[in-house]
Each structure stands twice: as C-alpha cells, then as structure tokens.
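Here is the structure we will look at.
Residue numbers (my numbering): 1251 to 2233.
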C-alpha cells in the first residue's frame, strides 16, 4: 500500500483548517452594530466612520416605508457595507433574510444616470423600497412562512422551492421593470424630486425613440428582448419601469400606485391581478395607453426644441457605437480614439477614422462599465492611450500603443480613474476611490507609482478631470454632498502640494456638468449639461465665469473634444446609442427647454412633493444602538427554511424533508435532507436516506447515507449511491482577477458499503470501501460581448491529480483540459477547440485505473450544465461509461451559432427568450500509447437550447440534441437527448 498522496493531502487540508481558525473571534475583519430594526455589518476599521450616517439614513427611510406601504419587516434588516468595487452600488433581497449589500464607493453618474443627491441617502431610499414591496405580507403569506419555517429562496437542487418561494414571497416574483421602476419612482420623491423619475437622461431616451420612430417594447418584449439586444441591456428595465409608473401616477394619482404596490389584506397575490383590481383595466391596456401618451408628449417636446434652430451635425460613423468613453482626436492622423461597448462585439478600445468612418479595434477591455466603458486618456506625442480594466472591481491601469496594438500593464488594483494626460510633464492625473472617499492623485512617468494629492470629504466627488494645454490649471466636475453640481478650476502647482487654490467655478444646480475640457488655447471649457432640459454643449469662460450654450440639440450631445479648427467632436445620442459626430459651436441667445413628465406629475399631484424623507441629522443614532461587536458567521447560524421534498434513489421515488441553516450573509451554510423510499424492490438497508452538505468560506463538507437526488427521477444519469460517503473539500483562489481566475480545489473522500464507482454509475466497484483524494487547478479567462448568451472567446484549462485507495492498492490518475475560443465576425458566434487528455497507472482490469466515456450525460430533467457534451468524459452517440481506457486524448471542435432572440413568445411569467444552436465533432483515442490496445472513436452531433424565463427571475433551458458515434470509421450507434434544465 502506498498512501503517500492521500496522507499528504489530508495534512495540507488540516493545516489550512488550523490557519483559517487562527482568529475565529473575527475571522473576516467585520464589525457588527445592532438596533431594534437593523443589523449593520461592515469592514472595520476602515468604514467605521460611516456607521452613524448609515444608521440615520436607514432609520428615516424605514419609517417612511412603514407609513407609505404599511410594511412590518418580517425580521430586522441586515445591511452590509463593503468596499470591493471602485463604483458604488447596492442590491437588496428579501430571501432568505431581509438583506441589503452596499458598495460605499462614489457611484458613476455618467450621462446623469444616477441621482445627484447624497448616495447613502438615495441608496437606502431605493433599496428599502425593494424590501418593503417584496417582504410585505398578508396573513396568508405569513401562514406559509410559518409552515415552511421561513421565506424560501429557489434552489436548483430542489425545484419544489419555486412553488414555495411564490407562496412565501409572492411579490418578489414580479418583472424587473416593476421592481426597479417602483424603487426609482419612490426614491425620486423621497429625495425631494432628485432622481431619474424627473431626470434628463430618461427624458432624452424616450424623446430620441419618438424622433427616430423606434418601436416601444411591450411588457413581454421588454423582458424577453429589450434587456438583451439594446446597448443599455438591463438598464432598460429601469427606464421603462420608471417611466410607466410615473405615467400611472400622473394619469391615475400617486395614491393608486402605492395601493398597487401594497400587500394589504384583500390584495391579490399576483402583481397583474392586483393591477387590474386597483386600476380597473389589464396591465397591457394601461401600457398601450402610456405608449400613446409618451409618443404625443415627446412630439410636443420636439416641437418645442425645434422652435430654435437645431445645431447641424455630421456623423463620423454610419452606425451608433453603443456606449462610449471620453474620446480624443489625433489631429495628425484624423483619428478619434476612445472605448466602445455595443452588442455583438467584446468591449474594446477603438480608432475611428474621421475621413472614412471605419472603426479599428485595438484592444479588448476587461470589466467594462455600462455607460462610460472605461476611464480613457491619450498621449498624442507618443501615440499612447491609457485605459482602465476591472472597472467594476479594483481598477488596473493599462497603456496601449495605438500603432501596434500592444498593451502594457502599468498599475495593478490602483483604483484610479477619471484619467487625464498632462503633456507638460507626461504625467497622468486621476481620481482614486477607496473607503468611500475620492482622492486626486498624480501618476508620474513612467507610471509605476502614484502620489496622493488631495482627499475630499465624504460626499464630495470630483469627476471628468482635465488639464489646460499649458499644464498650469486643472478642471473637474464636482458633486457636493447635498446634490449641488459645479465645474471648478484649480491651479495645478498648489494641488501638487496637496492644496486646492480655486480659480473659478460655475454652479449648475442639480444638473450634473459632464465632460468639461479645455479649448486648445485654454481660454474656455467645453462640456455638457441638462441645464436647459436637453443635454447641450456649454462653453465656460474661465477668466470671467461667463457660460453660454453653444448647441441646441433635439436629443442630447455629450463629451465634446475641441479641434484646431474650432469645431467640436461630440457624442450624439440616438435611439441606437451614441454616434460620434462633428458640430460647429456658436453661442446661442436662447435654447428651448423641454417638459419633464416628473415636473408635470408634481404640478398635477403635488402630494409627491411632500414625500421627502427627512435629513439624517433628525436621527440620534447613539440612542438606537443596542449592541456592538464583531461579525462571526458561525455564531450567526440560524434556521433559514424547511420543507418537504421529492427524492429519487436509483429507479425509485422517495419522499423527504429538507432544512437550510445559514448565517445572515451566506458565508456559512448547512443543508440537511432526510428521505425514505418505500419501494419493495429495494433492500431494507437502502430505503432510508440522509444527506448533510455544509460549506464555510472555502471549505466544503458532505456526509451521506444512501445518497438520493431529485434528478434521479428522470435519468439516465444517476447521482444516488448506495452506502456511506464522507467528503471534505477546500477551494482556494490563487488568482482572482475576473474574468481571469485560477482556483485550487482539494478533495478527500471516504466511501463504505458501495457497489458502484462514485463517478461512474455503470461500473461495478468489486469492493465496498474506497478512499479518494484529488488536487486540481482550474483556470478560466473567457469573454462574451454585450447581449451574448455564451462565452465567445478566451481560454479555459484544468489539471487534476487524483489517487484512489481500495483493497490496499493506490491508483493515481492525471487528467487535464484546454479550451480555446475565437469570436467570429458574425455577432455572438464563436468557434472553440476543446482538448482533453489523461493517464493512469494501474492494471486495465482495475476499474479505478480506467477513464470512462459515453453519452450526452443530460437527464430529462436536470440542474447541471446544459452543454454536457463539453465534459471531458462525454461522448454522445455511445452509452454512458461504455468506453474505457487507461489513457486517452480527446479533441473536439465546436461551433456556436448566433442565438435567435424572441420578442413575444409566451407570457411575462413564462416565455421563451432565445434559441441557441451549436454543432460539434469529437475524436477520442483511448490508450494511444499502446498499439495493441489503441482505439479511436468519433462523435458528431448538434444541440439546440431554448431558454425560458420562469416567474421573471429564473431560467429553464429545454435542450434537444442528436449525435452519431462511430468506432474506427464504422457507425456504432446514435443518441437522442431531450433535457429540461431547471434554474
């Protein structure tokens, strides 16, 4: 017996366990503060300063939700403050616990797509609307929560939970446009009218749609197609939802909207039924009335705008480029450089030839933003562009030679954006976000370090930095804590010493100034603002402070770039996205204002003007705190929910009960399933089933007796196994730079009283006890373009070393895979090469020494990967585990065709979204190094995947496939596969 590898792996795992438990008093560095209604968890000590403000804004918003919606929270709300992203955001869920996670960094306000009010105030108002309208319950809902011991989140392992979730949290199962539209609408009036319900961007979008005669999505089309094919993708849910609800309030009163969102006794469970009960008409009818109103409302706005001459412009490209970063014009080459994001092509830095209109892709961008794409700067003398990656995490700085396309990483996790190049000394200036604060920094050439210049107080955020051509002044758009917006100019020399010496400023009220840049002579700043309703270009004279509108746009113009001849390169908003264009700026005496639907609502129904939430200063947070301490997940474990389940064991049906135990944030989980299979065909000792699964941080553990599984009810793949199984695993990310990841996975398992191999259902073990150990490296770096439904380019690779011990004999195996994908010019289409290989040491008669292949592997009802034919041991056209070999090489070529996206196929709660075809061909050589045993097999097949949306949030994929298998060129059989993946 040679148990060396297993003993070594066990020692490594025990050592890792000891290290993880070394500081179990505060293992994650998190603090916790409690009030009667709040459990506030936060990174300590860096975010301690935010605690009073967070408690105050939460308390005021909660009081408002109680009064407006009659919400009595089912449990205290858990709020987590974290700083894992360079841009602020938040998310809320009522399941299984009322939870709100907040990224504390300043939010991106590109094109004024976020409210200008203080961000914690806005986020609490917005996210608590989500919780209030989803956690709110009638007596019937509360009875179901009592029966199922909590609010049940859907779990793929137990598809019954889809029903249980609807019974316990019915108002969570609504379309995203309703959730986000309600939250944005309420947030706007909770903030005193500051928000997208009367924001310039939303008005511009619908004005552009009417001008361009673009179709409006109906509720079904919005969910199935509108959030996929448009450059704004999921943001369309915010746009349409906010606009529709604003119109509802305008046409039918804000009180009716609140009545629809409430869950009072007598209200109906389904949101559409409740809508008809409140408004007296079907939702689709109201939606059509809104579209008719919107078209006429925007036609009147366009008539008003056209009362003054519209500024002529010339498009530089024939089609829109989707979202765009700041751009730079190279006078010498006539090329406009920037970063672009649009459906069908991976986000990239590109070069637009302004003479021909052609676009050249220079470099892909990892982790692009929705609207701004990336932070972008340009050094014209050295033909070098600078851009940021990981924009939704910790930003990296990258240099790009625009001539050769070569990229050079400069600063890792620098967290610096709002870049601008200073030609006077070749340095870069930027804004760094950390711990919720914004700091202006300088990055001197050769860009290997950064220097802190000035940190602003919380709530004061500079953006859109620019440096005057002489290198003496720096400008920025500045948002103040109370929502006031400014353009400010400072002298650079004192700033380099950490001091702000202001030259001038202009206050734009609550209309955010954007993209202000110096003219070529340094006399003016050109930028955009919704100051008059439509986004126009303004010219600000630095010396005198005089500000003039220099364009009159029908929709909106943004991010001007001055040229030597006095023209401006601008981004012109259209119904398809931004189009780089050229305008000639001329000071205008008058620019027509547009009407905002939000303002019309406030005039007709002034009650919304009295909905403002009081300022944080009205709350004494110290009096509310009941406990302070650390957050230890294992000490916060509690019952989440418990419910009856169906289980499959071999070919029999069993019934059981499943319980979930979790901490508040999901760091630790325990799942317990007990089941019984009353089948006379089973031996008595195989009828009872117990399974316990647990995880904590990177650790995984499982204990089972006669493991059962719901999906064994619909074979052919069986996961249930006779006997005892004890498993322990540990996952450690070695590289975490998404989408680039390298993970180490360690596993140790012991089996007793088994009759088949744990991983191969059709292979008898010949022994009853087995110990296995494995160590694997898993690398992935794959990308997909906007609107893609599958990975379109990149690399995946794995390498796994395993050892099996049975009957005093140790059998080692080594296997690996390498996948490489290439995007085709046809949008959302790609070709992949998938290679797998493996070798084992042992006798061919030893079942543990062989690798086994065959079949698609999908069950008729399943929860695993849809494209199972990609697995290294899949071989469609052959029976499961039919092919065996001590070593193997498998090569697959796969072509993924573009998906067909559906507009209106079904109903909102159940509809088809896309159909994805793929074809593949595989060649497998077993025992390739042994001439007497070598065999060659081939498999050629195709698969269609039809995706459905269920209850608005969950996916099901119906797959159909067929493959033909052959050995040494002779056909041996074929296989048909039909499978429904649940969640």
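Idealized CB from N, CA, C, for every residue including glycine.
In the three-state scheme derived from DSSP, where H, G and I count as helix and E and B as strand, residue 1363 is classed as coil. Here residue 1697 is near residue 1647, since their CB atoms are less than 8 Å apart. Rounded to the nearest angstrom, the Cβ distance from residue 1821 to residue 1807 is 7 Å, consistent with a contact under 8 Å. DSSP, reduced to helix, strand and coil, places residue 1614 within a strand of the structure shown. Judged by DSSP secondary structure, residue 1873 falls within the alpha helix (DSSP H) whose first and last residues are 1871-1874. By DSSP's assignment, residue 1737 forms a beta bridge with 1727 and 1756. Within the same chain, Cβ atoms closer than 6 Å to the Cβ of residue 1662 are found at 1646, the five residues on either side in sequence being excluded.
Remark: C-beta atoms of residue 1704 and residue 1745 approach each other more closely than 8 Å.
Residue 1546 carries a helical assignment under DSSP once its states are collapsed to helix, strand and coil. About 5 Å separates the CB atoms of residue 1786 and residue 1801; that is less than 8 Å, so the two are in contact.
Contact between residue 1968 and residue 2004 does not hold, since the beta-carbon distance rounds to 13 Å and is not under 8 Å. The alpha-carbon separation between residue 2199 and residue 1666 amounts to approximately 38 Å.
Leaving aside the five residues that flank residue 1644 on each side, the residues in its chain whose CB is nearer than 7 Å to its CB run, in chain order, 1336, 1663 and 1665. A distance below 8 Å separates the beta carbons of residue 1567 and residue 1607. Taken atom to atom, the span from the alpha-carbon of residue 1717 to that of residue 2207 is near 52 Å.
Closest option to residue 2034, judged by alpha-carbon separation, among 2071, 2216 and 1414: 2071. If you ignore the 5 residues before and after residue 1359, its C-beta comes within less than 6 Å of the C-beta of 1762, all in its own chain and listed in chain order.
If you look at residue 2027, you'll find it in the beta strand (DSSP E) that goes 2019-2033. Short of 8 Å from the beta carbon of residue 1731, and not among the five residues preceding or following it, lie these beta carbons of its own chain, in chain order: 1368, 1707, 1708, 1709 and 1710. With a contact defined as Cβ atoms closer than 8 Å, residue 1451 and residue 1362 qualify at about 5 Å. Where residue 1488 is concerned, the enclosing alpha helix (DSSP H) starts and stops at 1485-1502. For residue 1920, the closest C-alpha among the options 1901, 1933, 1897 and 1950 is that of 1950.
Distance from the CA of residue 1981 to the CA of residue 1959, rounded to the nearest whole angstrom, comes to 24 Å.
Residue 1306 sits in a helix when the DSSP states are folded into three classes. Annotation for residue 2060: the continuous beta strand (DSSP E) segment containing it runs 2059-2073. When the five nearest sequence neighbours on each side are left out, the beta carbons in the same chain lying within less than 7 Å of the beta carbon of residue 2204 are those of 1404, 1412 and 2233, in order along the chain. If you ignore the 5 residues before and after residue 1291, its C-beta comes within less than 6 Å of the C-beta of 1280, 1282, 1330 and 1881, all in its own chain and listed in chain order. The closest CA to that of residue 1491, considering only 1427, 1389 and 1630, is found on 1427. With fewer than 16 other beta carbons inside 10 angstroms of its own, residue 1560 counts as exposed. By the beta-carbon neighbour count (other beta carbons within 10 angstroms, threshold 16), residue 2223 is exposed.
For residue 1332, the pairing in a beta bridge is given by DSSP as 1353. Using a Cβ distance threshold of 8 Å, residue 1635 and residue 1587 count as a contacting pair. Secondary structure of residue 2010 (DSSP, three-state): strand.
Residue state for residue 1422 is assigned as helix, using DSSP reduced to three classes.
Shortest Cα-Cα distance from residue 1582 to any of 1319, 1859, 2001 and 1605 involves 1605. Contact check for residue 1829 and residue 1565: beta-carbon distance about 5 Å, within the 8 Å limit, so the pair qualifies.
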